[in-house]
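Trainee: For reference, the structure I am asking about is given below.
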Amino acid sequence: MKVVFLGNGEAFDERYPNHAHLVFSEKTVLMLDCGDSAVRQLWKYTKDHSLIDALYITHRHSDHLFGVPALLGRMLEEGRKKDLTIICTEQLKADIERLTEHAYFGINSYGFNINFLIAEDKGQINFNDFKLTFAKTGHTAYCLAIRIDDGKSIVSYSGDGPFDDDTERIYKDADILMHECYMYDVRINGHVAAVDVFEMAKRQNVKCLALAHFKRAFNDETRAKVKEAIPATGLKVILPQPLEEYNT
Ligand SMILES: [Zn+2]
Numbered sequence: 255m256k257v258v259f260l261g262n263g264e265a266f267d268e269r270y271p272n273h274a275h276l277v278f279s280e281k282t283v284l285m286l287d288c289g290d291s292a293v294r295q296l297w298k299y300t301k302d303h304s305l306i307d308a309l310y311i312t313h314r315h316s317d318h319l320f321g322v323p324a325l326l327g328r329m330l331e332e333g334r335k336k337d338l339t340i341i342c343t344e345q346l347k348a349d350i351e352r353l354t355e356h357a358y359f360g361i362n363s364y365g366f367n368i369n370f371l372i373a374e375d376k377g378q379i380n381f382n383d384f385k386l387t388f389a390k391t392g393h394t395a396y397c398l399a400i401r402i403d404d405g406k407s408i409v410s411y412s413g414d415g416p417f418d419d420d421t422e423r424i425y426k427d428a429d430i431l432m433h434e435c436y437m438y439d440v441r442i443n444g445h446v447a448a449v450d451v452f453e454m455a456k457r458q459n460v461k462c463l464a465l466a467h468f469k470r471a472f473n474d475e476t477r478a479k480v481k482e483a484i485p486a487t488g489l490k491v492i493l494p495q496p497l498e499e500y501n502t
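In terms of our numbering, the numbers along the sequence shown are unbroken and rise by one, the last being 502.
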């Protein structure tokens with residue numbers, strides 16, 4: 255699979271777009287999360303309004319969700335006809351319906367079908383060539399991490415939040431794990447410190463760990479500390495920049 259890192263920032267960082275990704279298999283393109291700056295990153299990457307087959311939203315925080323009206327609005331304006339699948343919890347489905355109605359009142363058709371698939375903690379969804387599995391993280395909002403298996407490789411993504419044994423199963427043997435990280439070694443409620451992600455990635459035999467979502471006030475400092483620590487971890491760790499690509 256191929257991953258395009260759309261954004262690597264936390265919620266309010268003016269320098270780094272919201273944490274979001276594109277995942278490509280031979281048959282499917284899936285967007286992971288959709289904050290408002292992530293949508294602009296998508297259109298920097300492609301002008302093809304039909305590129306993505308599906309969108310997965312990890313949790314109901316604005317930096318992962320509030321780009322959805324702008325995403326659908328541009329697809330409408332540019333004449334998308336292909337169905338779009340949105341994968342999320344029941345709560346997020348209701349959120350998205352309210353959000354889109356509020357954002358562009360009166361639009362009841364985008365000119366293409368939007369099909370929802372409902373994700374649940376410890377659940378599984380088969381979509382095209384993807385087997386998707388989910389597990390809850392310890393974030394301040396209900397967040398489901400995702401494991402994407404196309405039969406050839408495994409891509410996992412945390413959304414936001416710390417892991418427990420169930421979440422770690424989503425990351426096991428991942429060819430790449432995109433994990434949020436807030437500080438280097440300071441543990442903030444609902445987020446993860448780099449030192450703890452390193453230990454987990456070693457336990458779970460993660461082949462490549464992509465860290466993003468650093469707290470904005472300490473972004474440069476945290477990056478420097480992470481870079482310095484990488485050789486001693488024995489892990490392959492990357493700090494992707496927006497629109498960089500990775501092949502599993
Ligand atoms: Zn969040």
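Quick reminder that beta carbons are idealized off the backbone N, C-alpha and C, glycines included. Only a predicted model underlies this, so the values are computations on that prediction, with no experimental measurement involved.
May I have the straight-line CA-CA distance separating A274 from I306, to the nearest angstrom?
Mentor: The sequence position of residue 274 within the sequence shown is 20, counting from 1. The sequence position of residue 306 within the sequence shown is 52, counting from 1. A274 and I306: Cα-Cα distance of roughly 13 Å.
Trainee: So, with DSSP's three-state summary, where would you put A478?
Mentor: Here residue 478 corresponds to residue number 224 of the sequence shown, with the count starting at 1. In this structure, A478 counts as helix in the three-state DSSP scheme.
Trainee: Can you grab the Cα-Cα spacing for the pair K335 / A486, in whole Å?
Mentor: Against the sequence shown, residue 335 aligns to sequence position 81. Against the sequence shown, residue 486 aligns to sequence position 232. Straight-line Cα distance between these residues: approximately 50 Å.
Trainee: Which residue wins for smallest C-alpha separation from D287, given the options H467, D427, K456?
Mentor: Start at 1 with the first residue of the sequence shown, and residue 287 comes out as number 33. The shortest C-alpha separation from D287 is found at H467.
Trainee: Beta-carbon distances below 5 Å to any heavy atom of ligand 1 define the shell here; list its residues in chain order, please.
Mentor: Cβ-based neighbours of ligand 1 within the cut-off: H315, D414.
Trainee: Which residue comes first and which comes last in the beta strand (DSSP E) that contains Y411?
Mentor: Locating residue 411 in the sequence shown gives position 157, counting from the first residue. Here the beta strand (DSSP E) through Y411 covers 408-411.
Trainee: At which residues does the alpha helix (DSSP H) containing R457 begin and terminate?
Mentor: Residue mapping note: residue 457 aligns to position 203 of the sequence shown, counting from 1. R457 -> alpha helix (DSSP H) spans 448-457.
Trainee: Does any heavy atom of ligand 3 sit closer than 7 Å to the C-beta of V283?
Mentor: Ligand 3 is absent from the structure shown, which contains only ligand 1.
Trainee: Is F350 near A308, with beta carbons less than 8 Å apart?
Mentor: Walking along the sequence shown from the start, residue 350 turns up at place 96. Walking along the sequence shown from the start, residue 308 turns up at place 54. It should be pointed out that residue 350 corresponds to Ile in this sequence rather than to Phe. Going by C-beta atoms, I350 is not nearer than 8 Å to A308.
Trainee: Can you look up L286 in the DSSP assignment and give me helix, strand or coil?
Mentor: Within the sequence shown, the letter at position 32 stands for residue 286. Reduced to three states, the DSSP call for L286 is strand.
Trainee: CB V449 to CB D429, shorter than 8 Å?
Mentor: Against the sequence shown, residue 449 aligns to sequence position 195. Against the sequence shown, residue 429 aligns to sequence position 175. Their beta carbons are not under 8 Å apart, which means V449 does not touch D429 by this criterion.
Trainee: Apart from the five residues on each side of it in sequence, which residues of its chain come closer than 7 Å, Cβ to Cβ, to V258?
Mentor: Mapped onto the sequence shown, residue 258 falls at position 4. Closer than 7 Å at the Cβ level, and outside the excluded window around V258, lie H275, L276, Y299, L497, E499.
Trainee: Are L338 and I311 closer than 8 Å when you measure CB to CB?
Mentor: Numbered from 1 along the sequence shown, position 84 holds the residue referred to as residue 338. Numbered from 1 along the sequence shown, position 57 holds the residue referred to as residue 311. The answer is no: Cβ separation not under 8 Å.
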